[in-house]
Amino acid sequence: MRVVRFHAPGDVRIEDAPEPPTGPGDVKIRVRACSTCGTDVKILNFGHHHIVPPRVMGHEIAGEVVEVGADVSGWAPGDRVQVIAAIPCGQCAECRRGRMTVCPNQVSMGYHFDGGFAQYMIVPPNVLAVDGLNRIPDGLSFAEASVAEPLACVLNGQNLAGVGEGDDVVVMGSGPIGCLHVRLARARGAARVFLVDLNRERLDLAANLVHPDAAICGSETDVVDAVLKLTEGRGADVVITAAAAGAAQEQAVQMAARQGRISFFGGLPKDKPVIALDSNLVHYRELTIVGANGSSPQHNKEALRLIAEGAVPVADLITHRLPLQDALDAFGIVARGEAIKVTVEP
Ligand SMILES: [Zn+2]
Ligand SMILES: [Zn+2]
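Under our numbering, the first residue of the sequence shown carries the number 25, and numbering increases by one thereafter.
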């Protein structure tokens, strides 16, 4: 079969590999859609400390079951499925408290296990043990289902930041994650949603799809001023940073309303994790700053449901579909910010 395999930073190959055998505790799927994101570009360029090469990449996975291990029940060939990316252990103190996104023993598809940029993939017992294989509802395409994984992460972020009815929400960063944040905030009853990006082209591309109440270009305007003006001086109830920039996090704190919530949704580069924070803003305005680390199996199920029910449409966010052979082009399109969502169909 054909696979997209990471060998070293800068060395990702599209090559032949033997079809993986199905162990007694495994489910084997024929991958039908595996979407790409900035994480894939990061892995391509820098590798990842959890990846021991060679490793098949791809973590936003949907496909159909072709073989079920002897010890597995509940699945049959032909079942259409979506697979979680982050796999919690289900046993540790955090998992037992229901905090599966911060499981210290977490492993991941495409990192510890071969991922979805391949014609066939093994769903390992670890995924099945935490109920991480989800049936795709009828009428939902594989490509749409593959977006459940990033949406699950977005859902975790908005749960933690308490996005809800009547909130003015600012989303900083207009990539695919930013677009999903805009859509989900609307679905949760946000009053107004403002979208911010430094790159005018990328902002316009996203704004034309998700229609924020205002699109603010950070390289043309003072973003904090703009948000204060749009909110009659109050600031935003929730600010979500979906950009790997410390400056965005600093601005987020400055544009938050009293008792506002700030989600540092996107992480910062490993070598630049420190920001300047006016602690008195947090103190006097009673701000809450939250992080976000991936998603749980439960978030994936809910994300799939939100997409299927039309609460968070994603079909129009998939701007590019490419065959496996063109996966490196897909990474290039993502890296240059020319697309919203790029899906590889092996
Ligand atoms: Zn991703
Ligand atoms: Zn755990």
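Glycine residues also receive a C-beta, built at the ideal position from the N, C-alpha and C atoms.
Mind reading off the beta-carbon distance from L164 to L208? Whole number of angstroms is fine, and I expect it under 8 Å. Here residue 164 refers to the residue found at position 140 of the sequence shown. Here residue 208 refers to the residue found at position 184 of the sequence shown. Not confirmed; about 17 Å, so no contact.
Do C203 and ligand 3 come close, with the Cβ less than 6 Å from some heavy atom? Looking for ligand 3 in the displayed structure turns up nothing; the ligands present are ligand 1 and ligand 2.
Look at the alpha carbon of T367 and the alpha carbon of H307, and state the distance between them as a whole number of angstroms. For this step, residue 367 is matched to residue 343 along the sequence shown. For this step, residue 307 is matched to residue 283 along the sequence shown. Whole-angstrom Cα-Cα distance: 44 Å.
H323 classed as buried or exposed, judged by whether at least 16 other C-beta atoms fall within 10 angstroms: Looking up residue 323 in the sequence shown gives position 299. H323 is buried by the Cβ-count criterion.
Measuring CB to CB, does T8 end up less than 7 Å from S287? Since the first residue of the chain shown is 25 and the last is 370, residue 8 is not available in this structure.
Here's the rule: buried if 16 or more other CB atoms are within 10 angstroms of the residue's CB, otherwise exposed. What is T60? Taking the first residue of the sequence shown as position 1, residue 60 is located at position 36. Its Cβ being crowded by 16 or more others within 10 Å, T60 is buried.
Could you check the C-alpha separation between V89 and V194 for me, to the nearest Å? To locate residue 89, count along the sequence shown from 1; it is residue 65. To locate residue 194, count along the sequence shown from 1; it is residue 170. Distance between the alpha carbons of V89 and V194: 40 Å.
Whole beta strand (DSSP E) runs in the segment 126–189 with 3 or more residues, listed along the chain? 144–147 and 157–159
contact_flag[the segment 223–239, the segment 355–365] where n(CB pairs < 8 Å) is 3 or more: yes
How about the segment 339–352 and the segment 182–199: do they share at least three Cβ pairs that are nearer than 8 Å? no
Residue list, Cβ distance to ligand 1 heavy atoms smaller than 6 Å: C61, T63, H83, E84 and P174
Answer yes or no: the CB of P148 versus the heavy atoms of ligand 2, is any distance below 6 Å? Position 124 of the sequence shown holds residue 148. Every heavy atom of ligand 2 is 6 Å or more from the Cβ of P148, so no.
Could you round the C-beta distance between A327 and L157 to whole angstroms and report it? I think they count as a contact, below 8 Å. One-based indexing of the sequence shown puts residue 327 at position 303. One-based indexing of the sequence shown puts residue 157 at position 133. Rounded, the Cβ-Cβ distance is 14 Å, inconsistent with contact.
Please go through the segment 35–91 and give each complete beta strand (DSSP E) segment of 3 or more residues, from N-terminal end onward. 35–40 and 51–60
On the three-state DSSP scale, how would you describe F355? Working through the sequence shown from its first residue, we reach residue 355 at position 331. If DSSP states are grouped into helix, strand and coil, F355 belongs with the helices.
Is the closest heavy atom of ligand 2 to the C-beta of C177 under 6 Å? Against the sequence shown, residue 177 aligns to sequence position 153. No, Cβ of C177 sits at least 6 Å from all heavy atoms of ligand 2.
N180: CB within 6 Å of a non-hydrogen atom of ligand 2: On the sequence shown, position 156 is the one that residue 180 refers to. Outside the cutoff, so no.
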